[in-house]
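Here's the structure we're looking at; comments come further down.
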Amino acid sequence: MAESFESNIYFKRQSITCNAKSLLGLVSFFWYLNRGDRFLIQAKGKDAYEAVERLSRFLVDNRHIDLDYWEEAGIDELNRLWKKVGAEPSSFSR
């Protein structure tokens, strides 16, 4: 969804920042969040306001979704990407 905006978009929590247009960044960022954790959506560019509004609404509207499937899919994708760059994927499990 974030890639549809021209603006640069970031998710931030404490000292962690992730590019919202990066699949690996998103998987890594959300991996460490727990249900109910708060984070910021920051955008800079000509459609920044719309980007933050739409992403916020999407996250709020879908907060009830059971993440078990998506967590497993995310782990599989993260492991695939880490294998691609030569990292040891077995260290990524929840």
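For the sequence shown, the positions run 513 to 606 when our numbering is used. From the three backbone atoms N, C-alpha and C, an ideal C-beta is built for every residue, glycine too.
Query	Result
What does the alpha-carbon distance come out to for the pair S527 and W543?	15 Å
Got a sec? Which residues, its chain only, sit under 6 Å from F517 by beta carbon, not counting five neighbours each side?	D559 and A563
Do you know how far the Cα of L535 is from the Cα of S568?	18 Å
In whole angstroms, what separates the C-alpha of E515 from that of G537?	13 Å
Please determine, among D549, N546 and R566, the residue with the shortest C-alpha to C-alpha distance to A532.	R566
For a test of the three-state rule: what should DSSP assign to L552, helix, strand or coil?	strand
Among M513, S540 and S519, which residue has its Cα nearest to the Cα of N591?	S540
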